[in-house]
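First the structure, in the form of structure tokens, and then the observations on it.
Numbering (this note's numbering), first residue to last: 37 to 337.
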């Protein structure tokens, strides 16, 4: 035995609050909350209830964070093989699987408590469906079984605007469903460029992402198709008279900007634009939802 060896610290002593925040995938959760809050505002612009919005936002954020934690637990062995995820707390053993699962259970339980006691049953059920869809159906099954995983599992990540709407109205309407459709179609166009950029990571981890199974060129074609579908869907709020000229004047150039990068990625002989296209897709969605807000603000002002 080497008497000079440093004894291994218990996991609980190694973990910090930053590690628990990292488990929640805060950047992803922020995107979810932005789209959910847009849904809340569109539903409540004439009857703004700040308390309701704050509670609903916290509850939806807790559920999304819990799903992210489950994703970390299920994918810990895969994350250890991928360059972009080797730093994660479970991979580095700063947090144990048991601690992470307890954390996830606390988050989702808190979410359900808030939604059932302060919001409404419909939002609680839809939030639970979204949690199960991402944490269990996508993470535990679809991600490892089909190259269309991100498409089939896309609904779970697309429902935040609907959750925002139902948290205010306790009802389902066409307007938030159109926003859900936009995010559903946007998700593959957003994620597949990252999958191309991290192709070797996914291949090494044996995850059947589309570029691994069908090839990069096929994936680029699919990115263009889903990008164009997203742009068409983004015009539906205007044509269904849920938004006005201001939204249209912003949505069209935003769509052209997004499609420019998707098409450039398709025609490029290398994959250097893949990561840039991934980031452009994020900026596009945020700007599109801000455009919805601005348009509604103009209407009520």
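Where is the CB? At the ideal position from N, CA and C, for every residue including glycine.
Here the alpha carbon of residue 175 sits roughly 11 Å from the alpha carbon of residue 167. The Cβ atoms of residue 223 and residue 194 lie closer than 8 Å to each other. If one requires a minimum length of 4 residues, the alpha helix (DSSP H) runs lying completely within the region 198-241 are 210-233 and 235-241, in chain order. Residues of the same chain with a CB within less than 6 Å of the CB of residue 178, apart from the 5 flanking positions on each side, are 185, 188 and 189 in chain order.
In terms of Cα proximity to residue 261, the closest of 226, 248 and 281 is 226.
Excluding residues up to 5 positions away in sequence, 322 and 325 lie with their Cβ nearer than 7 Å to the Cβ of residue 70 in the same chain. Counting the other Cβ atoms within 10 Å of the Cβ of residue 286 gives 16 or more, which makes it buried. From the listed residues 299, 98, 142 and 270, the smallest Cα separation to residue 221 is found for 270.
About 6 Å separates the beta carbons of residue 231 and residue 246, which is inside the 8 Å limit, making them a contact pair. Inter-residue distance for residue 87 and residue 58 is about 27 Å (C-alpha atoms, whole angstroms). Considered as a whole, the region 293-336 harbours no complete run of any beta strand (DSSP E) with no fewer than 3 residues.
For the 8 Å CB-CB criterion, residue 294 and residue 233 do not form a contact. In the displayed model, residue 147 falls within a helix according to three-state DSSP. Within the region 71-118, the runs of alpha helix (DSSP H) at least 4 residues long that lie entirely inside it are, in chain order, 86-110 and 112-115. Per the C-alpha coordinates, the member of 63, 129 and 164 positioned closest to residue 99 is 164. Counting other Cβ atoms within 10 Å of its Cβ, residue 317 reaches 16 or more and is therefore classed as buried.
With contact defined as three or more Cβ pairs closer than 8 Å, the region 114-121 and the region 135-152 are not in contact. According to the DSSP assignment, residue 59 belongs to the alpha helix (DSSP H) that extends over 53-59.
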